[in-house]
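Protein chains in written order, with the numbering used here: chain A, 3 to 233; chain B, 19 to 427. Every residue gets a Cβ at the ideal spot worked out from N, C-alpha and C, and that includes glycine. Structure, as structure tokens:
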Amino acid sequence: MIRLSRLHKSYITGSNRLHVLKGIDLFIDSGELVSVVGSSGSGKSTLLNVIGILDSYDDGEYYLGNNLIQGLTEKRSAWYRNQMIGFVFQSFNLISFKNAMENVALPLYYQNIPRKKRNRIALEYLEKMGLLDWAEHLPSELSGGQKQRVAIARALVTNPKIILADEPTGALDTQTSYEVMSLFKEINEEGITVIIVTHEKDISERTKRIIHLTDGIIEKEYTTKLKVNYV
Amino acid sequence: MFDLDAWQEIFSTMRKNLLRTILTGFSVSWGIFMLIILLGSGRGLENAAKSSFNRGAVNSLWVFPGSTSMSYKGMKPGRELQFHDRDYEETKRKNDEIEHITSRFTIVFNTILSYKNKTAEYEIQSARETDMFVEQMEILEGRFINIRDIEKSRKVAVISPIVRDYFFGEEDPMGKYIIANGIAFKVVGIFKDASERNHYRIYIPTTTAQNLYNGRNNVSYLGLTIKPMSVQGARDFEDKLRTQFAERHKFNPEDSRAMFINNNWEYYNQMLNIFLGIKIFIWIIGILSIIAAIVGVINIMLITVKERTKEIGVRKAIGATPGSVIRMVIFESLIITSFFGYLGLFFGTAIIELVSNLIPPNEMFNRPEVSLPTAIGATLLLIAFGTLAGYFPARNAANIKPIEALHDE
Numbered sequence: 003m004i005r006l007s008r009l010h011k012s013y014i015t016g017s018n019r020l021h022v023l024k025g026i027d028l029f030i031d032s033g034e035l036v037s038v039v040g041s042s043g044s045g046k047s048t049l050l051n052v053i054g055i056l057d058s059y060d061d062g063e064y065y066l067g068n069n070l071i072q073g074l075t076e077k078r079s080a081w082y083r084n085q086m087i088g089f090v091f092q093s094f095n096l097i098s099f100k101n102a103m104e105n106v107a108l109p110l111y112y113q114n115i116p117r118k119k120r121n122r123i124a125l126e127y128l129e130k131m132g133l134l135d136w137a138e139h140l141p142s143e144l145s146g147g148q149k150q151r152v153a154i155a156r157a158l159v160t161n162p163k164i165i166l167a168d169e170p171t172g173a174l175d176t177q178t179s180y181e182v183m184s185l186f187k188e189i190n191e192e193g194i195t196v197i198i199v200t201h202e203k204d205i206s207e208r209t210k211r212i213i214h215l216t217d218g219i220i221e222k223e224y225t226t227k228l229k230v231n232y233v
Numbered sequence: 019m020f021d022l023d024a025w026q027e028i029f030s031t032m033r034k035n036l037l038r039t040i041l042t043g044f045s046v047s048w049g050i051f052m053l054i055i056l057l058g059s060g061r062g063l064e065n066a067a068k069s070s071f072n073r074g075a076v077n078s079l080w081v082f083p084g085s086t087s088m089s090y091k092g093m094k095p096g097r098e099l100q101f102h103d104r105d106y107e108e109t110k111r112k113n114d115e116i117e118h119i120t121s122r123f124t125i126v127f128n129t130i131l132s133y134k135n136k137t138a139e140y141e142i143q144s145a146r147e148t149d150m151f152v153e154q155m156e157i158l159e160g161r162f163i164n165i166r167d168i169e170k171s172r173k174v175a176v177i178s179p180i181v182r183d184y185f186f187g188e189e190d191p192m193g194k195y196i197i198a199n200g201i202a203f204k205v206v207g208i209f210k211d212a213s214e215r216n217h218y219r220i221y222i223p224t225t226t227a228q229n230l231y232n233g234r235n236n237v238s239y240l241g242l243t244i245k246p247m248s249v250q251g252a253r254d255f256e257d258k259l260r261t262q263f264a265e266r267h268k269f270n271p272e273d274s275r276a277m278f279i280n281n282n283w284e285y286y287n288q289m290l291n292i293f294l295g296i297k298i299f300i301w302i303i304g305i306l307s308i309i310a311a312i313v314g315v316i317n318i319m320l321i322t323v324k325e326r327t328k329e330i331g332v333r334k335a336i337g338a339t340p341g342s343v344i345r346m347v348i349f350e351s352l353i354i355t356s357f358f359g360y361l362g363l364f365f366g367t368a369i370i371e372l373v374s375n376l377i378p379p380n381e382m383f384n385r386p387e388v389s390l391p392t393a394i395g396a397t398l399l400l401i402a403f404g405t406l407a408g409y410f411p412a413r414n415a416a417n418i419k420p421i422e423a424l425h426d427e
């Protein structure tokens, strides 16, 4: 699904050149549940941004499926993000003046799906998240866990191949975090590749494969003893 | 992208900042409102000036005798000129530029008119059949003085509605006799002049006036209209007339006091130029005030885009193309400027219409109005400026990088 080879990425700030990713070789297969861990500044978020086509890279190669992701126009990147990838963020990033249903339906708007149809699909996903009763509520009227489940519904609504989650439990309490993690697990069991960036050990332990990033290189990686029932 | 969804997207974001949207929109409304009020008032002034142009037709020239101020061929200065029928005839014969020409004999005494037991003093003006065109009159009833009246020096009169109302009231004036200086004039018609000031008079044939008031073949002054020509052409024609008169009356053609020519075609064109100038000035002021409003819109849109950086970032992350972001921002600006501009246009036009109905036409202000081309012009201006106002903020919005926007504080 995802193949990175000798991937380099630097940021230039003023006269300084900050080498963030120093040759990443990584293969993530379809249907994996992966976490990327590392201390802050290790490059884990940058890696996620590159995988999510939110950011470019300087050297190496990145294949998403069979497509080389390189030098894309903004329009093409937007299309890939819309069609292939669902994003979940630490701070949820719901649009404050849209209700839960409209938030979930938004990616479908950019696929030019008519309003009635996309609202119907959005409601289906909210129902899966157990939030049907909250469909008309604004994000400000929802709890943290509910917001994150709305965000997950939004990530899923386009039926993407990959879910990318950047610190999805960073703003949640432990109990809610575990609920969100079991949600990711369920999603993963439906065959969707899930990649989670986290710095919380207990969260990473709830994934099947942990990639440990230190100073822009993959220091180590291992599979966990997590019992996984492949569908 | 002009579908319902696009509009809903924009309206939901505008509702979010309703107060700000309204305040920004108000400046646009105000700009257009002022432009419309200024243009409408300018038109009112122009109409008033045009309708109080009571020198007859816009292409008319009036030729008056003066007294010489230069000695010429042995004659002393200070000689008073007197026009005669010959001046009328020769001027008519020698000049192809002339459309219509009339000669007048002014009656300066005993202008008291009476009918039955009513008496009033009105101006008794002499006229030929051509006066209808030189003065720009219409006939409301009956007829104007005709060529037979002139030839036979008939005692007929054409009266104004004011004179009719005073003497006849509800009575039919046609065929009745008005007495002036002991002489009865048969009323044959009622005229209406574009300038109301000319309504305090009656017209009698010039030849009749000459006969009855000891005029012999004397003529007080000439009036004529010229065929379409440039202002310079009219000036040249003036010089030509002056030369002809100088020859007949033996005065120095350079003598500017020997005769006077009121060239209305030149006055009229000068007036048109003044109003064109005023109109251009109003448009410039109007456009500048709209630009000030548009800068306000740009400013507020830039702030809006800045505030919505995160939201736009989210939209881009989940698949919004730069094009769709640009469209969203430009549409929003376009809607604000068009809607509020249209409000300004509407209220401006409404006030102009109201004023037009409330204030009776007078010398200074007459029928202010907003013409359709003006309204269309203002609307197009709004759309152009609205798009322009959206462009810079939209470009900023399109350049937002999702990763920077989504960066957690």
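Less than 9 Å separating the beta-carbons of residue i and residue j?
i, j, result
"residue 47/B", "residue 294/B", "no"
"residue 156/A", "residue 185/A", "no"
"residue 144/B", "residue 222/B", "yes"
"residue 54/B", "residue 363/B", "yes"
"residue 121/A", "residue 337/B", "no"
"residue 310/B", "residue 49/B", "yes"
"residue 140/A", "residue 98/A", "yes"
"residue 43/B", "residue 354/B", "yes"
"residue 206/A", "residue 39/A", "yes"
"residue 164/A", "residue 4/A", "yes"
"residue 335/B", "residue 56/A", "yes"
"residue 197/A", "residue 34/A", "yes"
"residue 356/B", "residue 412/B", "no"
"residue 379/B", "residue 24/B", "no"
Between residue i and residue j, which are expected to be in contact by the criterion C-beta below 8 Å, what is the C-beta distance as a whole number of angstroms?
i, j, result
"residue 10/B", "residue 244/B", "Given a span of 19 to 427 for chain B in the structure shown, any question on residue 10/B remains unanswerable."
"residue 175/A", "residue 91/A", "Their Cβ separation, rounded to whole angstroms, is 18 Å, which puts residue 175/A and residue 91/A out of contact at 8 Å."
"residue 196/B", "residue 175/B", "6 Å"
"residue 122/B", "residue 238/B", "5 Å"
"residue 62/B", "residue 297/B", "That belief does not hold up - the Cβ atoms of residue 62/B and residue 297/B are roughly 12 Å apart, past 8 Å."
Say whether chain B places a C-beta atom closer than 9 Å to the C-beta of residue i.
i, result
"residue 203/A", "no"
"residue 150/A", "no"
"residue 208/A", "no"
"residue 109/A", "yes"
"residue 160/A", "yes"
"residue 97/A", "yes"
"residue 57/A", "yes"
"residue 76/A", "yes"
Mapping DSSP to helix, strand and coil, what is residue i?
i, result
"residue 32/B", "helix"
"residue 420/B", "helix"
"residue 105/A", "helix"
"residue 269/A", "With chain A running from 3 to 233 in the structure shown, residue 269/A is simply not present."
"residue 236/B", "strand"
"residue 76/A", "helix"
"residue 401/B", "helix"
"residue 166/A", "strand"
"residue 232/A", "Reliability of the predicted coordinates at residue 232/A is poor, the pLDDT of 44 falling under 50, and the value obtained from them is presented with this limitation in mind. Looking at residue 232/A - three-state DSSP - the assignment turns out to be coil, as it is neither helix nor strand."
"residue 83/A", "helix"
"residue 46/B", "helix"
"residue 98/B", "strand"
"residue 341/B", "helix"
Specify, as a first and last residue, the run of the beta strand (DSSP E) that residue i falls within.
i, result
"residue 241/B", "239–244"
"residue 377/B", "From DSSP, residue 377/B is part of no beta strand (DSSP E); its letter is neither H nor E."
"residue 238/A", "Summary: the structure shown does not reach residue 238/A, with chain A confined to residues 3 through 233, and so no result is reported for it."
"residue 118/B", "116–122"
"residue 20/A", "18–30"
"residue 137/B", "136–139"
"residue 61/A", "61–66"
"residue 219/B", "219–223"
With 9 Å as the threshold, decide whether the Cβ of residue i is near any Cβ in chain A.
i, result
"residue 332/B", "yes"
"residue 33/B", "yes"
"residue 27/B", "yes"
"residue 42/B", "no"
"residue 30/B", "yes"
"residue 393/B", "no"
"residue 325/B", "no"
"residue 329/B", "yes"
Kindly indicate the opening and closing residues of the alpha helix (DSSP H) around residue i.
i, result
"residue 267/B", "249–267"
"residue 80/B", "Note, residue 80/B: premise wrong, no alpha helix (DSSP H); beta strand (DSSP E) at 78–83."
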